[in-house]
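The next block holds one structure in the form of C-alpha cells; read it before the comments.
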Amino acid sequence: MTALGTIVAAWLFAIGLYGVVTSRNLVHLVVSLSVSQASTYVLLLAVGTRAARPGPPARAVDPVLQALASTDVVVAVVIAALLLALVVQVHKRTGSLDPDALRRLPE
Amino acid sequence: MTVLEAVLLILVAAGGGCVALVRNPLRQAMAASLFGSLLAVLFAVARAPDVALSEIVVGAVALPLMILLALAKIRGGQR
Amino acid sequence: MIGWVAPLPIAVPWAAAALVLLFDRVADRRLTRLLTGVAVAAEVAGAAALLHHAGAHPAVMWVGGWAPVHGVALGISLTLDRLGAGAALGAGVAVAAAVALIPATLEDAGTTVDALLLVLLGAMAGFCLTGDLLTMLVFFELTAVASIALTAYDTGSVAALRSALSLGITSTISAFLGVMGIALIYARTGALNLAQIARAVAADPRPDRVIVLALGLLSAAFLIRAAIVPFHLWFVDTISASPLPVVIVLGGVLGTLGLLGVVRLWPAVSAAAGVPARGVADVLVVAGAATALVGGLLGLGFTAARRRLAFVIVAQTGITLVGAGLLSAGGLGPAILYSAGSGLAVGALACGLAVLDLARPRAGAALLVAGGLAVAGLPVLAPGLALQRLERAARGAGYPWVVPVVALAAAMAGGAVLRMARSSPQGGQPEATRRRVAGAVGIGAVLLVLAVLAGAAGGWTGAAGGWTAAAAAGAAGTAPAAVPITLGGTLVDLLSVAGALLLGSGYGSGFTRRLGRQAAVASTWSAVRRLHDGSIGDAVAWATIGTAAITLALASAMR
Amino acid sequence: MSIAGRRAAFLAGAAVLVALLTWGFAGLLPGRPAGPTPRVGDLLASASGPDRHVVDPVALVGLDARSLDALVAAFTVVAAVAGTTLVLRARPDEWAGHALDFATGRRVPPTSDAVRVLGLGLTPPTVLFGLYLVTHGQLSPGGGFQGGVVLAAGVLLIYLAGEFEDLHGLYGDRALERGLAAGAGGTVAIGFLGLAAGPAFLANALPLGRTGDVLSGGTIPLLDVVLGLGIAVGFVALLTTFLHQAIVLRPLGARR
C-alpha cells in the first residue's frame, strides 16, 4: 500500500494540476482541482495504513487521519460549490467559460 | 498490501487521469462520479470506513450533481 | 482565568457571525451592525489581554481539557505567546477598520458581508493562537474560504469574479500542499502538536528526507498565501479587484499570517532534520529580498492605483520575510514591528483610495502621502523604526548585502505610493457624501496614529519572548531580542525616504522612457505585463514552479 | 503568458516537483527504524476510547479530542454557503420566472407519476439512513458530516420528484442559510457549555452514559446532531441555490 499509494498520490496531484493549468473551460478547471484533492486522501491512507505504522498491528486506518480525511471530503465539496457559483456568475457576465477569455492586460 | 488494494489504486490513478484529461465537462461530471465511487471502494477496502462513507456520498453524488446543475444554468444561458 | 479568555477571540466572532445570519431578517440592520462591532471589539480586547498576560514563557491551554498523557499531546492546544496574541490583535484591528470602512465604500452591503468578516476574524485568531499544526492549517483554509466571496462582492465586475476564482484555486492548492506536508510529518513523528513534532524530530538527529520534503511543501503552502514571488500573481489580481475594506484585511494581515506559519514551523524542525539553519535562512532571505525588489519595481512600473497598491504590499511582505528569515533573535523583533506598521499603512492607503473614490482629491492625496512616507520608512512611524533595527540585525546575521536591497525596495515602494497620490483624479465634491468622507478620513488617520504609537512602543517587540512552538513541553525557543537603533540604520532610513521622494516626484521617468524605447527592455516589460494579466493558469503554473524551487533548495541544503 | 509557454513552464516545474515527491515519499518505506513515540491516533484508539464510552475511535478523535477541527469545518461550510448565496444573489438585471426546462426552454411539464412515486418513495429510507448516521456517530462509522449530506440527499429526492416550486414556497429566501448558522452556532454553544460546566472550552461535560448506547459519549452525539442538521440544511441550501439559478432565474430580455 505504502509504495504504490505514494506513487499514485504524486501522479494524481500532478495530473490534476495539469488539468487546471491547461484547462479551456472553467467548470473543467474546478473539477480537475478535485483530482489533486484526491491525491491528499490517497497519501493520508498510505501513511495511515497498518503496514506503515510502528507498534502492534491495528485494525483500521489511523483514526486521526480518518477524521481529517472524512471531514475534509465534506468541506472540499462545499468549496467546489462556491467556486462553481463564481463560474456560473462569470458565464452570466461574459457568456464564456474560457479562463483565458477573462484575462485583461493591466495598465 | 492485498492484490485488491493494488488493483483499486491503479484504477483510481487511471480514473483521476480521465477526469483531468476529459475536456467535455458533461462527460467529466460522469467520470468524476465514477472516480468518486472508485475512491470510496478503495477506502472501504483499506479499512477507512468513515472516509469511504463521506466519499461515496460526496464524490459520487453531491459533487457530480452540482456540476450538472452548474452546467444546466450555463446551457440555459447560452441559448 | 486565562483559560477562560483564550478561546474567546475565536468563539465570540463566530457566535456573533451565527447570530448575525440568524437574525438577518428579524432584526434591524443597525442592530446587526452593532453586534458585529461589539464582537470585533471583544476579539481585540481578548487578544490584548492575552498579549498582556503572555510572559517570557507561553501559557498552554488544552481545548476540551485534553491535557497531555505521559508527555504526548492527545488534543489541540492553544499556545499563548506574545507573537500569536499580537498577531491576533493585529487581525482584530484590521477587521475593525474594515467594518468601519464599509459604510463609506459598500453602501448596500448586507449582513452576509458582516458575517463573513466575523468568520474570517475568528479563523485568523485561531490560526494565531493554536499550537497544533493541523488546526493551524484548517483555520488558514477557512480564512481563504471566507475571503473568496468577499473578494467577489461586486458580482457585476468580471475582474472581481476572476480574482476570487484565482484566490480560491491557489489557496485550495496551498491547502493540498499543507495536508501532504502534515501527512508526512505525522508519518514520521506520530504527532500534530508543534512542540511535540519538534521534540520527536530532535530526538532523531539523522537527516530525514521525509521531514525535508514536508518542510518544503508546508513552506510553499504558507508562502503561496503570503504572496511571496513567484506566488504573487493571484494576490496582485485580488487586491486590484476586491472592495477596499476587504483589501485592508487581505493585504494588511492575511499575507503576514502566512509568514507567521513559516516562522512557527521552520525553527522547530529544520535544524534537526538535516538542513542547517544557515541553509534555511539563505532560502528565506533570498526569497524575501527578491519579493521586495519585484514589488517595489513593479509598483513603480504599473500605473493603475490599485495595482500599485498590490505591488507595494508585495514589497512589504518581502521585507518582513527578510527580517523573519534571518532566523535570529535580532531579526524577528524588527520583522514583527515592520509587519504591524506596514499593515497599518496598508489600511491608511486603502482609506485614502476610498476617499479618492468619494471625489475628495485633496484629503485622499494627503492620506496617500502620509501612508507613502510610512512605507518609505520615515523614522517616526513603525515601519521606519523597524527598518532602522533591521539594518543591524542583517549585518549581525551575516547578510550585509540585504541592507541596500531592502532600502531600495522601501524607497521604490514609497515612491510608488507617492506617484499614486500625484496622479489622483480630480473630481467634483458632491455634498451627500460628507459623512462617508469623514468616516474614511478618520479611519485612515486613526490607523496612522496607531502606526506612530506602535513605533514609539517599539521596545515591546524586544520583549516578545517565547515565540517558538513550545506547547506540550514549554521548551524555550529563541526570543526576539531588543535591537538598539544605530546611526547606520537611521542613515539608511533617511536615504530610502529621500529616494522615495525623488521617485515619487517623477524623477527618473525621463530615463525610464528612454529605456523603454529599447527593444529588449520593451519586450521584457510587455512580457511582465502579460504575466500579470490575471490568468488563473499562470498563477497555478508559477505556484508549482515556486513549490518545486523551494523544496529543491531545501533538499540540496540537506546535509 | 502564452498557452504553450505556460504549459511548458508548468511541465518543467511539475517534473521537478514530482521527482522531489518521489524522492521524499521513498523515505516512508520501511528501512528506517521507526521513532520511539507511538502515534497519537493509536494512543487515542487504544487508551481513551473506553474512557469516553465511545466505540468508533474516529468519532472520539473528530468530535472530542480534536473537536475544534470539527468547529472549523462547520464554519467553513457556513462561509462557503454564505459566500455562494452572496455570489449568486439576484442582480437587478435578472428576473425570477417560472421553472423552465433548461434543455428546451419550455416551461417544465409536470413530472410523470412514475418518477414522482419513485422519488417520493426513496425519500423516507434515505432520510432514515441519514438520521441513523447522524445519531450513531460514536458507535459506527458515520456521524454528523456524513449523515448531514445523506439527509440533504433525501430532501433533494423530493425536488427530483418534480416538487421544486411546491417546496420552495415553504421557506423564505434565506431561511436555509439561517438554519445552517443555527447549527454552526450550536457547536459554539456546546463549546461554551464545556467552559461553563467543565474544565475548558469544548470540554466533554455531559454524562458519558453506557458504552454502546445511542446517548453515550457525552457531548459527542450532541455535536453529531447539531452538525448533522447544520450540514444537511447547508447542503440543501447549496443545491437549491444552484437549482434556483438553473431553473428559475432568467436574464432580463430573454425569450419566454
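Protein chains in written order, with my numbering: chain A, 21 to 127; chain B, 2 to 80; chain C, 483 to 1041; chain D, 13 to 268.
We put the beta carbon where it would ideally sit given N, CA and C, even for glycine.
It should be emphasised that the depicted structure is a prediction, and the values quoted were computed from it without experimental measurement.
Helix, strand or coil at residue i [DSSP, three-state]
i                       : result
residue 544 of chain C  : strand
residue 223 of chain D  : coil
residue 612 of chain C  : strand
residue 551 of chain C  : strand
residue 589 of chain C  : coil
residue 250 of chain D  : helix
residue 1025 of chain C : helix
N-terminal and C-terminal residue of the alpha helix (DSSP H) that residue i is part of
i                       : result
residue 838 of chain C  : 811 to 839
residue 561 of chain C  : Segment 559 to 562 is the beta strand (DSSP E) holding residue 561 of chain C; no alpha helix (DSSP H) there.
residue 525 of chain C  : 511 to 535
residue 40 of chain A   : 22 to 42
residue 19 of chain D   : 15 to 38
residue 1005 of chain C : 1001 to 1013
residue 258 of chain D  : Taken as a continuous stretch (DSSP letters only), residue 258 of chain D belongs to no alpha helix (DSSP H), as it is neither H nor E.
residue 785 of chain C  : Note, residue 785 of chain C: premise wrong, no alpha helix (DSSP H); not H, not E.
residue 50 of chain B   : 50 to 58
residue 136 of chain D  : 125 to 147
residue 83 of chain A   : 83 to 114
residue 883 of chain C  : That residue, residue 883 of chain C, is in no alpha helix (DSSP H); it is neither H nor E in DSSP.
Proximity to residue i [Cα-Cα], best of the options
i                       : options                      : result
residue 464 of chain C  : C:594, C:790, C:805          : A question about residue 464 of chain C goes unanswered here, because the residues of chain C that appear run from 483 up to 1041.
residue 252 of chain D  : B:75, B:66, B:76             : B:66
residue 570 of chain C  : C:507, C:987, C:720, C:489   : C:489
residue 551 of chain C  : D:51, D:137, D:82            : D:51
residue 29 of chain A   : A:48, A:47, A:66             : A:66
residue 652 of chain C  : C:1036, C:1024, C:1003       : C:1024
residue 152 of chain D  : D:65, D:71, D:56             : D:71
residue 250 of chain D  : B:46, B:68, B:41             : B:68
residue 1033 of chain C : C:584, C:700, C:564          : C:700
residue 858 of chain C  : C:977, C:928, C:935          : C:977
residue 867 of chain C  : C:918, C:839, C:817          : C:817
residue 556 of chain C  : D:75, D:127, D:189           : D:75
residue 689 of chain C  : D:148, D:17, D:39, D:29      : D:39
residue 132 of chain D  : D:148, D:158, D:171, D:103   : D:171
residue 905 of chain C  : C:784, C:889, C:919          : C:784
residue 851 of chain C  : C:903, C:567, C:554          : C:903
residue 64 of chain A   : A:24, A:119, A:125           : A:24
residue 808 of chain C  : C:764, C:836, C:687, C:773   : C:764
residue 214 of chain D  : D:65, D:238, D:78, D:92      : D:78
residue 717 of chain C  : C:661, C:1039, C:932, C:1017 : C:1017
residue 247 of chain D  : A:111, A:113, A:119, A:100   : A:100
residue 55 of chain A   : B:34, B:21, B:8              : B:21
residue 694 of chain C  : C:667, C:712, C:863          : C:667
residue 659 of chain C  : C:501, C:619, C:844          : C:619
residue 93 of chain A   : B:10, B:50, B:55             : B:55
Amino acids of chain G, ordered along the chain, whose beta-carbon sits closer than 8 Å to that of residue i
i                     : result
residue 70 of chain B : Here the protein chains are A, B, C and D, and chain G is not one of them.
Residue i burial status per 10 Å Cβ neighbour count (16 or more: buried)
i                      : result
residue 961 of chain C : Its pLDDT being 49, under 50, residue 961 of chain C is placed unreliably by the model, and the measurement read from it follows with that caveat. It is buried - the Cβ of residue 961 of chain C has at least 16 other Cβ atoms within 10 Å.
residue 685 of chain C : exposed
residue 998 of chain C : exposed
residue 758 of chain C : exposed
residue 25 of chain B  : exposed
residue 623 of chain C : buried
residue 994 of chain C : exposed
residue 810 of chain C : buried
residue 943 of chain C : Its pLDDT being 46, under 50, residue 943 of chain C is placed unreliably by the model, and the measurement read from it follows with that caveat. By the 10 Å Cβ count, residue 943 of chain C comes out buried.
residue 938 of chain C : exposed
Kindly provide the ranges of any beta strand (DSSP E) runs that are 3 or more residues long and lie completely inside the segment 598 to 656 of chain C, ordered along the chain.
-> Counting only runs of 3 or more, we get nothing.
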